[in-house]
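Okay, so here's the structure we're looking at.
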């Protein structure tokens, strides 16, 4: 097993242990909460911005972009299948190291200007 596979396998083991210790199920909400806590990320929006800035999916369709944004910013109680979605852990581990390279600013309120004033 290569170094990356070992790291990801360890991360999955830590996630599964965290679920068992806290008696919770693997859902979108739980995986995003775990990643934010483990990586010291500020929010799902911060995680999404890391994905957007550093992802190979930048040229993806709008549908993929919207699905990933929803997954990070507004996760649901839908089951997160670790064995089928293992590839996300490669990104999560990478996001821990990239968190400082992407701003975690909160969304700003829109600023309106009135013509002629």
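Residue numbers (our numbering): 1323 to 1439. Using N, Cα and C, we set each Cβ at its ideal position, and we do this for glycine too.
Cutoff 8 angstroms; reference residue i; Cβ partners in own chain excluding five residues on either side
| i | result |
| --- | --- |
| residue 1400 | 1349 and 1350 |
| residue 1424 | 1368, 1371, 1372, 1375 and 1376 |
| residue 1408 | 1330 and 1334 |
Counterpart residues of residue i in DSSP-defined beta bridges
| i | result |
| --- | --- |
| residue 1398 | None, per the DSSP bridge assignment. |
Presumed contact (8 angstroms Cβ cut-off) between residue i and residue j, rounded CB distance
| i | j | result |
| --- | --- | --- |
| residue 1334 | residue 1404 | 6 angstroms |
Boundaries (first-last residue) of the alpha helix (DSSP H) holding residue i
| i | result |
| --- | --- |
| residue 1422 | Where residue 1422 is concerned, there is no enclosing alpha helix (DSSP H), given that its DSSP letter is neither H nor E. |
| residue 1405 | It is not in any alpha helix (DSSP H) - residue 1405 carries neither H nor E in the DSSP assignment. |
| residue 1337 | 1325–1344 |
| residue 1359 | 1350–1361 |
| residue 1376 | 1366–1376 |
Residue nearest to residue i in terms of C-alpha spacing, selected from the options
| i | options | result |
| --- | --- | --- |
| residue 1412 | 1387, 1357 and 1393 | 1357 |
| residue 1397 | 1354, 1414 and 1406 | 1354 |
| residue 1421 | 1345, 1328, 1360 and 1338 | 1360 |
| residue 1363 | 1415, 1436, 1327 and 1433 | 1415 |
Nonlocal neighbours in the same chain, by C-beta distance under 6 angstroms from residue i, ignoring five residues either side
| i | result |
| --- | --- |
| residue 1313 | Here the chain comprises residues numbered 1323 to 1439, so residue 1313 is not present and cannot be evaluated. |
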